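Just below is one structure, and these are the notes that go with it.
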Amino acid sequence: MTSIETGTEELPLSGEDVLWSAWYLGGSECTLPGRLLPYFPADIRNERFDVPGVAAALADFAGSVPEGDQGEARAIALLARREASRMAGVLDDADARALIGRHADIDAGIRHALANTTEFLGSYGVDVGAPVVRVVDAFPEPYQDRRYAMLTADAGDQRKYGVAPGVYLRRAAVRPLYSEALVCHELIHVALGHQDPDLMGRGLEEGIAELVGSIMLSGRQVGVVPTYWIEVFNRRNHVYDTVWEHYNEFLRMTYMLYRRIGIDGLMSLVAAGRGRIKEVERDIVRGVDAVPDIETGWFDFGPEFDRIAERLVMGFPRSMVVSPVARVVADHAQPGTTVREIAAATGLEEEAVSEAVRELTEEATVIGRRADGLVVTSSDLDIYLPAGMLRYRL
2 MTSIETGTEE LPLSGEDVLW SAWYLGGSEC TLPGRLLPYF PADIRNERFD
52 VPGVAAALAD FAGSVPEGDQ GEARAIALLA RREASRMAGV LDDADARALI
102 GRHADIDAGI RHALANTTEF LGSYGVDVGA PVVRVVDAFP EPYQDRRYAM
152 LTADAGDQRK YGVAPGVYLR RAAVRPLYSE ALVCHELIHV ALGHQDPDLM
202 GRGLEEGIAE LVGSIMLSGR QVGVVPTYWI EVFNRRNHVY DTVWEHYNEF
252 LRMTYMLYRR IGIDGLMSLV AAGRGRIKEV ERDIVRGVDA VPDIETGWFD
302 FGPEFDRIAE RLVMGFPRSM VVSPVARVVA DHAQPGTTVR EIAAATGLEE
352 EAVSEAVREL TEEATVIGRR ADGLVVTSSD LDIYLPAGML RYRL
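Just remember that the working numbering sits 1 ahead of the position in the sequence shown, which is counted from 1.
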């Protein structure tokens with residue numbers, strides 16, 4: 002039996018939730034799209050949860066002309082309008098609207114994610130007990146300063162700190178689709194904490210929670226496309242932070258195991274508990290064959306899962322991130338094009354364009370330029386631009 006405690010307040014949805022839903026369904030070239038929100042008109046962000054209304058407002062904003070700005074401010078204004086146009090197109094799609102509507106009830110979505118994940122774990126003999134999801138304004142001490150959106154506490158936390166066991170979700174991080182995906186991840190920790198509450202829930206366990214929970218089970222819960230973009234925004238942004246790199250590194254370790262032993266092998270580790278997972282992790286980091294006695298088997302999720310998992314873990318060029326000005330300039334940086342021509346096409350000053358051409362040449366290394374820096378001589382941008390893989394940071 003699971004339960005959700007939201008406190009006395011409702012979990013109201015706004016236009017901002019519609020914007021996030023559009024990003025989860027259609028992606029973004031901004032590595033952290035939440036930082037774009039201040040550049041959208043306030044009435045779009047603060048509107049009630051009205052998908053057609055937000056779509057129309059986005060289309061109006063996309064069609065407006067930025068005036069007066071130069072340099073980075075102009076580049077961001079142009080990029081924000083391009084994002085708005087893309088998002089309006091996503092929200093105009095009938096299937097997208099239907100999916101957003103199905104996940105608009107946060108309470109129901111979390112309950113569904115709890116039930117589905119509990120059933121999956123139970124099919125491997127893994128007991129999660131009766132997890133409680135608590136929506137809180139701040140995490141309980143001593144975790145009040147943690148930057149996570151969701152946190153799992155187990156019996157060990159209760160003994161040491163007096164924190165009631167359960168899954169804690171910060172109210173500010175509650176969003177359609179996203180919250181359900183997080184639950185799929187956290188229930189892996191709940192299951193392992195239920196068995197071994199005094200061992201640390203990190204390392205290879207975090208990687209298993211990422212692959213099995215955040216990718217595999219989230220894909221079943223909210224869909225493959227939202228799962229992909231939630232992972233991109235969470236784990237493949239431009240910020241290098243050792244806390245978040247922990248997830249990426251152990252996801253790679255888990256994916257290596259998955260390719261050898263399949264989901265049955267990974268779940269046999271979960272069923273065996275944290276102690277066994279740590280034994281395998283210890284062997285891997287020592288370069289010892291860690292899995293000779295693990296039974297193998299494959300989860301029939303289909304080729305779409307394998308494609309997004311492999312793309313996220315092995316094929317995502319995370320370093321292809323540039324400044325807003327360089328991202329605008331990249332659209333016009335074909336071989337033979339001059340700095341002056343790009344400035345005329347974008348409305349940017351020549352000095353700003355020249356610096357962006359230098360950045361694309363020396364940092365992103367996707368174009369070549371003449372010795373005087375005034376002419377683009379070669380380009381690999383045709384590889385990255387159509388795939389949306391030259392992203393920008395704010």
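For each residue, glycine too, the CB sits at the ideal point set by N, CA and C.
These figures come from a predicted structure and were not determined experimentally.
*Where does the unbroken alpha helix (DSSP H) through Arg370 begin, and where does it stop?*
Note, Arg370: premise wrong, no alpha helix (DSSP H); beta strand (DSSP E) at 368-370.
*Could you tell me which residues DSSP puts in a beta bridge with Tyr169?*
For Tyr169, the pairing in a beta bridge is given by DSSP as Arg135, Leu152.
*Just the Cα atoms here: how many angstroms apart are Pro34 and Pro227?*
Their backbone Cα atoms lie some 14 angstroms apart in a straight line.
*Give the range of the alpha helix (DSSP H) segment to which Ser86 is assigned.*
Counting along the chain, the alpha helix (DSSP H) containing Ser86 begins and ends at 72-92.
*Which value, in whole angstroms, describes the spacing of the CA atoms of Met2 and Val91?*
Per-residue confidence for Met2 stands at a pLDDT of 48, beneath the threshold of 50, marking its modelled position as unreliable; the derived number appears in the next sentence. Cα to Cα, Met2 sits roughly 37 angstroms from Val91.
*Hey, quick one: how far does the beta strand (DSSP E) through Val340 stretch, first residue to last?*
Here Val340 belongs to no beta strand (DSSP E); instead the alpha helix (DSSP H) covers 340-347.
_Using DSSP's beta-bridge definition, name the partner residues of Val377._
In DSSP, Val377 forms a bridge with Arg370.
_Per-residue DSSP class, three states only, for Arg359_ = Assigned with DSSP and collapsed to three states, Arg359 falls in helix.
*Once you ignore the five residues that flank Val223 on each side, which residues in its own chain have a CB closer than 7 angstroms to its CB?*
These residues qualify, in order along the chain: His104, Leu178, Glu181, Ala182.
_Here's the rule I'm using: 16 or more other beta-carbon atoms within 10 Å means buried, otherwise exposed. How should Ser320 be labelled?_
Only exposed fits Ser320, as fewer than 16 other CB atoms lie within 10 angstroms of its CB.
*What three-state label does DSSP hand Tyr125 in the structure shown?*
In the structure shown, Tyr125 adopts coil according to DSSP, grouped into three states.
_Per DSSP, what are the beta-bridge partners of Val225 in this structure?_
Beta-bridge pairing links Val225 to no other residue.
*Rounded separation between Leu218 and Val184 - CA only*: Spanning the two alpha carbons is a distance of roughly 10 angstroms.
*Spatial neighbours of Ala334 within its chain, please: CB distance less than 8 angstroms, with the 5 preceding and 5 following residues excluded, ordered by chain position.*
Hits under 8 angstroms: Ile343, Val358, Leu361, Ile368, Val377, Ser380, Leu382.
*Roughly how many angstroms lie between the CA atoms of Glu30 and Asp70, to the nearest whole one?*
Rounded to the nearest angstrom, the two C-alpha atoms are 21 angstroms apart.
*On the DSSP bridge assignment, give the partners of Val354 in chain order.*
In DSSP, Val354 forms no bridge with anything.
*So does the stretch 198-217 actually touch the stretch 239-249, counting three or more Cβ pairs closer than 8 angstroms?*
Touching, per the Cβ criterion.
*Does the beta carbon of Asp158 sit closer than 8 angstroms to a beta carbon anywhere in chain D?*
Protein chain content of the structure displayed is limited to a single chain, and chain D is not contained in it.
*Going straight from the alpha carbon of Ala173 to that of Pro336, what length do you get?*
For Ala173 and Pro336, the distance between alpha carbons rounds to 46 angstroms.
*What did DSSP end up calling Val289 once you bin it into helix, strand or coil?*
Secondary structure at Val289: coil, using DSSP grouped into helix, strand and coil.
*asked:* Restricting to Cα atoms, I'd like to know which of Asp199, Ala76, Ala331 is closest to Glu350.
replied: Among Asp199, Ala76, Ala331, the Cα nearest to that of Glu350 is on Ala76.
*Quick one: grab the DSSP three-state call for Thr9.*
In this prediction, Thr9 has a pLDDT of 34, which is less than 50 and means its spatial position is unreliable; what the coordinates show is noted afterwards. Taken through DSSP and simplified to helix, strand or coil, Thr9 comes out as coil.
*Do you know whose CA, among Met254, Thr338, His239, Thr243, lies nearest Ala365's CA?*
Nearest to Ala365 by C-alpha distance, out of Met254, Thr338, His239, Thr243, is His239.
*At which residues does the alpha helix (DSSP H) containing Ser180 begin and terminate?*
From DSSP, the alpha helix (DSSP H) with Ser180 extends over 179-196.
*Which word fits Thr347, buried or exposed, when buried means at least 16 other C-beta atoms lie within 10 angstroms of its C-beta?*
Buried, since its Cβ has 16 or more Cβ neighbours within 10 Å.
*So Val133 packs on Gly167, CB below 8 angstroms; how close in whole Å?*
By a beta-carbon distance limit of 8 angstroms, Val133 contacts Gly167. Their separation comes to about 4 angstroms.
*Might you give, ordered along the chain, the residues of its own chain that have their beta carbon closer than 8 angstroms to the beta carbon of Ile216, omitting 5 neighbours on each side?*
Contacts found: Thr228, Glu232, Phe306, Ile309, Ala310, Leu313.
_Asn47 and Ser15 - do their beta-carbons sit closer together than 8 angstroms?_
Yes. Within cutoff.
*Can you tell me which of the three DSSP states Ser19 falls into?*
Per the sequence shown, the amino acid found at residue 19 is Val instead of Ser. It is helical.
*asked:* Count Cβ pairs between the stretch 119-129 and the stretch 189-207 that sit closer than 8 angstroms; are there 3 or more?
replied: With a cut-off of 8 angstroms, the stretch 189-207 and the stretch 119-129 count as touching, because enough Cβ pairs lie within range.
_Arg277 to Gly202 span [Cα, whole Å]_ = Taking the straight line joining both Cα atoms gives about 12 angstroms.
_Val322 vs Arg392 beta-carbon contact at 8 angstroms_ = Note that the C-beta distance between Val322 and Arg392 is below 8 angstroms.
*Give the straight-line distance between the Cα atoms of Asp155 and Val136, rounded to the nearest whole angstrom.*
It is roughly 16 angstroms from the alpha-carbon of Asp155 to the alpha-carbon of Val136.
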